[in-house]
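Residue numbers (this note's numbering): 9 to 440.
From the three backbone atoms N, C-alpha and C, an ideal C-beta is built for every residue, glycine too.
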Ligand SMILES: Nc1nc2c(c(=O)[nH]1)N[C@H]1C(S)=C(S)[C@@H](COP(=O)(O)OP(=O)(O)OC[C@H]3O[C@@H](n4cnc5c(N)ncnc54)[C@H](O)[C@@H]3O)O[C@H]1N2
Ligand code: MOO
């Protein structure tokens with residue numbers, strides 16, 4: 009059909025209207041998943057001091073030269089150096105300090121001998137571990153027999169060996185996952201400048217919708233999309249608010265939208281965008297805040313997901329994406345259009361799900377509508393390089409959707425896909 013808009017054009021129009029949210033300062037715990045907007049510098053070297061990588065004894069090299077189990081080096085133990093110790097004892101010739109992993113290397117010491125290379129101060133054979141601190145609260149004393157010679161600097165983690173002072177710990181644009189948050193904490197940063205998580209309001213429309221837990225009256229169904237889209241928004245890194253379903257009444261929907269605009273960076277509606285007599289999203293959005301035409305409704309060269317609306321609404325021109333009501337249509341539309349929009353707002357460079365190519369594993373050829381890009385649900389086998397469709401093309405098949413881990417993309421000009429054909433696959437979040 010001539011009046012269909014391509015998937016790529018619709019996506020380009022949406023992304024062209026997205027602006028990254030203004031950066032804010034967030035505490036580390038709140039910044040998880042956010043994108044940095046500053047280069048974070050290392051204020052002081054990491055580690056901040058030379059420290060031991062083993063539980064053992066800090067020694068001077070000349071004292072342990074040629075040591076063996078038969079001819080051990082016998083050293084006087086001057087005390088303990090525990091992790092956190094601020095004033096370790098000096099190790100002079102003929103002396104050793106018992107040292108714990110992470111404790112500062114005492115002045116004079118040139119290497120650490122692991123406790124297993126010594127008698128642990130017992131006077132017997134090789135030790136397996138240290139005597140607990142509780143057995144001698146005043147700390148180690150007496151003598152230790154060292155059975156092997158360490159290399160110079162052995163088991164010493166040098167100041168700055170992880171990262172030096174003044175280096176860029178993380179550049180602007182970094183996504184703050186667990187390792188990045190760990191690094192920020194390690195260099196002592198309590199808060200960072202990031203783009204906030206977009207706040208998304210999800211509104212399901214339809215007089216047939218019932219909330220899970222309520223009894224189902226004749227002709228009615230449960231509201232799947234509210235939960236599905238709010239969860240998809242969270243998976244995309246947004247904070248999502250689900251508004252319980254709004255009935256097919258333009259006035260109620262308009263009032264709900266006007267209420268929700270204040271807390272939304274982006275609004276997603278589902279349902280009410282096709283050509284039925286009760287498709288009120290179109291009606292309600294046509295003159296929201298008295299500005300007709302702000303939300304444009306289109307028919308896309310896509311299956312599922314043909315009817316779509318997009319526009320900027322309210323005085324702050326908040327992006328609104330009106331998705332079709334069939335649950336699979338709503339989900340596929342979210343993945344293809346809403347997710348990249350949210351990630352652009354959050355400042356991510358990678359907007360889309362990862363994609364790969366795989367050969368179709370099916371018993372028979374799959375039909376696909378002419379002139380429409382089809383997104384079938386599938387299961388990807390990365391080892392075999394194949395993808396298997398789950399369920400049919402119907403956009404009400406939510407049970408099959410729940411089994412899938414990917415979308416198979418059938419191009420617009422293909423009307424039949426033979427088994428073995430290579431297709432593009434959009435990889436969704438892993439199920440486990
Ligand atoms: N004459 C035509 N009819 C339809 C066309 C068309 O081009 N001409 N397009 C079809 C396509 S394609 C789609 S997709 C749907 C889109 O319809 P709407 O966006 O207006 O959605 P509704 O009519 O409100 O609902 C469609 C379907 O989905 C169920 N639904 C809606 N919301 C939810 C929800 N929150 N949870 C679970 N299920 C939901 C609803 O009950 C309907 O069965 O239009 C076709 N029709
Ligand atoms: O486009 Mo509808 O989304 O095919 O079912």
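| Item | Value |
| --- | --- |
| What are the start and end residues of each continuous alpha helix (DSSP H) run of 4 or more residues lying completely inside the stretch 178-254, in chain order? | 186-194, 233-243 |
| Ligand 2 heavy atoms versus the CB of residue 56: any closer than 6 Å? | no |
| Measuring alpha carbon to alpha carbon, tell me which of 334, 74, 45, 25 ends up nearest residue 181. | 45 |
| Tell me which residues share the same chain as residue 238 and place their Cβ nearer than 7 Å to its Cβ, disregarding the 5 neighbours each side in the sequence. | 210, 248, 250 |
| In terms of residue numbering, what span does the beta strand (DSSP E) encompassing residue 371 cover? | Neither: residue 371 is in no beta strand (DSSP E) and is coded neither H nor E. |
| Compute the distance between the beta-carbons of residue 88 and residue 186, then report whether it is under 7 Å. | no |
| Between residue 310 and residue 380, which are expected to be in contact by the criterion C-beta below 8 Å, what is the C-beta distance as a whole number of angstroms? | 6 Å |
| Is the closest heavy atom of ligand 2 to the C-beta of residue 314 under 6 Å? | yes |
| Please report the residue range of the beta strand (DSSP E) in which residue 415 lies. | 414-418 |
| By a C-beta neighbour count over all protein chains shown, 10 Å radius and 16 as the cutoff for buried, is residue 301 buried or exposed? | Its pLDDT being 45, under 50, residue 301 is placed unreliably in this model, and the value from its coordinates should be taken loosely. Per the 10 Å Cβ criterion, exposed. |
| With a Cβ-Cβ cutoff of 7 Å, do residue 336 and residue 387 count as a contact? | no |
| Output yes or no for whether 7 Å exceeds the beta carbon distance between residue 415 and residue 434. | yes |
| Report all residues from its chain with a CB closer than 7 Å to the CB of residue 364; omit the five preceding and five following residues, and keep chain order. | 433, 435 |
| Does the Cβ of residue 7 have 16 or more other Cβ atoms within 10 Å, making it buried, or fewer, making it exposed? | This structure gives no information on residue 7, because the portion of the chain shown stretches from 9 to 440. |
| How many angstroms separate the CA atom of residue 411 from the CA atom of residue 50? | 45 Å |
| Taking the straight line between their C-alpha atoms, what separation do you get for residue 241 and residue 369? | 31 Å |
| To which residues does DSSP link residue 107 through a beta bridge? | 64, 89 |
| Mind checking which residues open and close the alpha helix (DSSP H) that includes residue 23? | 15-25 |
| Let me confirm a value: residue 86 is counted as buried when at least 16 other C-beta atoms fall within 10 Å, else exposed. Which label applies? | buried |
| Mind checking which residues open and close the alpha helix (DSSP H) that includes residue 259? | 258-268 |
| Using 7 Å as the threshold, is the C-beta distance between residue 80 and residue 154 below it? | yes |
| Considering only heavy atoms of ligand 2, does any lie closer than 6 Å to the CB of residue 35? | no |
| If residue 102 and residue 71 are in contact, beta carbons under 8 Å, what's the gap, nearest whole angstrom? | 6 Å |
| I'd like to know whether the C-beta atoms of residue 62 and residue 109 end up nearer to each other than 7 Å. | yes |
| Following a CB-centred definition, is residue 233 positioned closer than 6 Å to any heavy atom of ligand 2? | no |
| Should the stretch 211-231 be called in touch with the stretch 273-288, which here means at least 3 C-beta pairs below 8 Å? | yes |
| Thinking just about the alpha-carbon of each residue, which of 338, 123, 43 is nearest to the one in residue 443? | As displayed, the chain neither begins before 9 nor continues past 440, which places residue 443 out of reach and without an answer. |
| Residue 15: which of 389, 331, 172, 314 sits nearest, CA to CA? | 314 |
| Compare the beta carbon distance of residue 2 and residue 207 with 7 Å and say whether it is the shorter of the two. | The structure shown does not extend to residue 2, since the chain is modelled only from 9 to 440, so the question has no answer here. |
| Where are the alpha helix (DSSP H) runs, 4 residues long or more, that stay fully inside the stretch 28-77, in chain order? | 69-72 |
| For residue 279 and residue 396, what's the separation of their Cα atoms in angstroms? | 29 Å |
| Grouping DSSP H, G and I as helix and E and B as strand, with all else coil, what is residue 11? | coil |
| Are the beta-carbon atoms belonging to residue 111 and residue 90 less than 7 Å from one another? | yes |
| Since residue 34 contacts residue 176 with CB under 8 Å, what's their CB separation in whole angstroms? | Not a contact, Cβ separation roughly 20 Å. |
| Check whether the stretch 260-278 and the stretch 319-329 are in contact - that is, three or more C-beta pairs closer than 8 Å. | yes |
| So is residue 343 buried or exposed if we call it buried at 16+ other beta carbons inside 10 Å? | buried |
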